[in-house]
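Peer 1:
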Amino acid sequence: MKSWWRKAPAAANDDRLAIEAGGAERALRRLEWTVIRRLDGLLQGDYRTLMRGTGLDLADLREYQHHDDVRHIDWNVTARLQTPHVRVFTEDREMAAWFVLDLSRSVDFGSGLKAKREISAGFVGVLARLLTRHGNRVGALVYGSDLEAVIPPRTGRRHVLHLLHAMEKRAGKAEPLQKGMTRLDDLLKSAATLMPRRSTVFVVSDFLSEPGWERPLGQLVQRHEVVAVRLFDPLELELPDLGLVPLRDAETGEQLWVDTHDAGFRKRFARLAAERESALREALARAGVDALELSTNDDLVEAIVRFAGLRKRRARIGQAGMKAVAA
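Taking the numbering used here, the leading residue of the sequence shown gets 51, the next gets one more, and so forth.
1) Pick out the complete alpha helix (DSSP H) segments inside the segment 249-316, 4 residues or longer, and give them in chain order.
2) Tell me the rounded alpha-carbon separation between isoleucine 169 and proline 261.
3) Among residues of its own chain, excluding the 5 on either side of leucine 330, which ones have a beta-carbon nearer than 8 Å to its beta-carbon?
4) I want to see whether chain D comes within less than 8 Å of arginine 326, judged by CB atoms only; does it?
5) How should leucine 153 be labelled, buried or exposed, when 16 other C-beta atoms within 10 angstroms of its C-beta is the threshold for buried?
6) Sorted by chain position, which residues of the same chain lie with C-beta nearer than 7 Å to proline 284's C-beta, five sequence neighbours on each side aside?
7) If you draw a straight line from the alpha carbon of glycine 338 to that of valine 200, how long is it in whole angstroms?
8) What do you get for phenylalanine 159, buried or exposed, if any count of 16 or more other CB atoms within 10 angstroms of its CB means buried?
9) Using a threshold of 8 Å, state whether the C-beta atoms of valine 210 and glycine 175 are closer than that.
10) Use the C-beta contact count for leucine 292: other C-beta atoms within 10 angstroms, 16 or more gives buried, fewer gives exposed.
11) Taking the alpha helix (DSSP H) that glycine 175 falls in, what are its first and last residues?
12) Taking the alpha-carbon positions, what's the valine 351 to leucine 89 distance?
13) How about glutamate 288 and alanine 242: do their beta carbons lie closer than 8 Å?
14) What number of angstroms, rounded off, separates the C-alpha of threonine 182 from the C-alpha of valine 253?
15) I need the DSSP call for aspartate 152, collapsed to helix, strand or coil.
16) Near glutamate 198, what residues of its chain come up, given a Cβ to Cβ distance below 7 Å and the 5 sequence neighbours on each side ignored?
17) Would you tell me roughly how many angstroms separate the C-alpha atoms of threonine 205 and histidine 122, rounded to the nearest one?
18) Can you name the start and end residues of the beta strand (DSSP E) that arginine 187 belongs to?
19) Using DSSP's beta-bridge definition, name the partner residues of histidine 212.
20) Beta carbon of tryptophan 307, beta carbon of proline 290: below 8 Å?
21) So what does isoleucine 201 bridge to, in DSSP terms?
22) Alpha carbon to alpha carbon, how far is alanine 323 from leucine 270?
23) Report the CB separation of alanine 341 from alanine 300 in whole angstroms; it is logged as a contact under 8 Å.
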């Protein structure tokens, strides 16, 4: 299914103006006041729900999955339950987090006030600031038509500004249209090579890519704690009745006219979109990654709190299972 989208309308919100004007400092300050202050109260400082790494203290036991390290199998519990189980350890106090950023042309799309690129920048700014405030280091891989920048993990507010500026610079870069769709597999293979130590990895992408990224993602999960942050716009799932409109492939520039007044066409579009959604979710589940879905219509605070709550509930379930085994 191709990525056919109309060019995103000009945004009226302050975040977009700040980013496009080169205002990484203003954008981050606004995020600190409008998002991070709210998250401080809602998350109650529990940033561990967003980032878990390795350590020496046993935190959880869960069933073995195909991507797990066999060295973490608990053989006593496995023999007792007749099902392979692995140990999960309490995270180190200082962990490195990496943002693997897909900033290809398709993330420029947005049917409302915000484009997917702005949602990506907001998420990265908020998470990077939350993590660095607790002493964690953050780095990034920036991908456009290929891997364009590698920002080594560091801490501090100035480093977060540097990361946002790199995203801003990529957004303003003029380049010829691509010959094909994004190759997310190249980005994930580069990530596996450039991250020698176990880290928390946030893959931020709309996953509109050439096939073949599932295997590199699964290989990345074998070493790292991986979270897939999937960006999307509601118009990518269902077309409204707009009459005859021109659509353009965001990455190749190929154009065509479609009659959205045709109910049959809208149904076929929705069916193909639903099939792609199902296939994407299944691929992420097979890879064993947690997934956070961010719509261009979402409230960023609510999305992050919802995601933190999901990870916290999973941790409680795991702890309950560990106590039951011990009993």
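Glycine included, each C-beta is placed from N, C-alpha and C at the ideal position. Remember, predicted model here, so these are calculated numbers, not experimental data.
Peer 2: According to the data block:
1) Qualifying alpha helix (DSSP H) stretches, in chain order: 264-273.
2) As a working note, residue 169 is residue 119 in the sequence shown. As a working note, residue 261 is residue 211 in the sequence shown. Roughly 24 Å between the two C-alpha positions.
3) Residue 330 sits at position 280 when you count from the first residue of the sequence shown. Closer than 8 Å at Cβ, skipping near neighbours: Phe257 and Arg280.
4) Reference to chain D is not applicable here, since this structure consists of a single protein chain.
5) Taking the sequence shown and counting its residues from 1, one reaches residue 153 at position 103. With a 10 Å radius around the Cβ and a threshold of 16 neighbouring Cβ atoms, leucine 153 comes out buried.
6) Numbered from its first residue, the sequence shown carries residue 284 at position 234. Cβ within range, chain order: Ser161, Ser345 and Asn347.
7) The residue you call residue 338 lines up with position 288 of the sequence shown. The residue you call residue 200 lines up with position 150 of the sequence shown. Approximately 25 Å between the Cα atoms of the pair.
8) Your numbering for residue 159 matches position 109 in the sequence shown. The residue in question, phenylalanine 159, is buried, as its Cβ has 16 or more Cβ neighbours within 10 Å.
9) Stepping through the sequence shown from its first residue, residue 210 is reached at position 160. Stepping through the sequence shown from its first residue, residue 175 is reached at position 125. Valine 210 is a Cβ neighbour of glycine 175, given a cutoff of 8 Å.
10) Against the sequence shown, residue 292 aligns to sequence position 242. With fewer than 16 Cβ atoms within 10 Å of its Cβ, leucine 292 is classed as exposed.
11) Mapped onto the sequence shown, residue 175 falls at position 125. From DSSP, the alpha helix (DSSP H) with glycine 175 extends over 166-183.
12) Within the sequence shown, residue 351 is the residue found at index 301, counting from 1. Within the sequence shown, residue 89 is the residue found at index 39, counting from 1. Going by the C-alpha atoms only, they are around 6 Å apart.
13) Locating residue 288 in the sequence shown gives position 238, counting from the first residue. Locating residue 242 in the sequence shown gives position 192, counting from the first residue. In this structure, alanine 242 does not lie closer than 8 Å to glutamate 288 by Cβ.
14) In the sequence shown, counting from the first residue as 1, residue 182 sits at position 132. In the sequence shown, counting from the first residue as 1, residue 253 sits at position 203. Taken atom to atom, the span from the alpha-carbon of threonine 182 to that of valine 253 is near 18 Å.
15) Numbered from its first residue, the sequence shown carries residue 152 at position 102. Strand at aspartate 152.
16) On the sequence shown, position 148 is the one that residue 198 refers to. Excluding residues within five positions, the ones whose Cβ falls inside 7 Å are Val192 and Arg220.
17) Numbered from 1 along the sequence shown, position 155 holds the residue referred to as residue 205. Numbered from 1 along the sequence shown, position 72 holds the residue referred to as residue 122. So the alpha carbons of these two residues sit roughly 30 Å apart.
18) Within the sequence shown, residue 187 is the residue found at index 137, counting from 1. Arginine 187 -> beta strand (DSSP E) spans 187-193.
19) On the sequence shown, position 162 is the one that residue 212 refers to. Per DSSP, histidine 212 has no beta bridge partner at all.
20) On the sequence shown, residue 307 is found 257 positions in, with the first residue counted as 1. On the sequence shown, residue 290 is found 240 positions in, with the first residue counted as 1. For tryptophan 307 and proline 290, no; Cβs fall outside 8 Å.
21) Working through the sequence shown from its first residue, we reach residue 201 at position 151. Beta-bridge pairing links isoleucine 201 to Ala190.
22) Numbered from 1 along the sequence shown, position 273 holds the residue referred to as residue 323. Numbered from 1 along the sequence shown, position 220 holds the residue referred to as residue 270. When rounded, the distance between both Cα atoms is 27 Å.
23) Taking the sequence shown and counting its residues from 1, one reaches residue 341 at position 291. Taking the sequence shown and counting its residues from 1, one reaches residue 300 at position 250. With a beta-carbon spacing of about 22 Å, alanine 341 and alanine 300 fall beyond the 8 Å limit used to define contacts.
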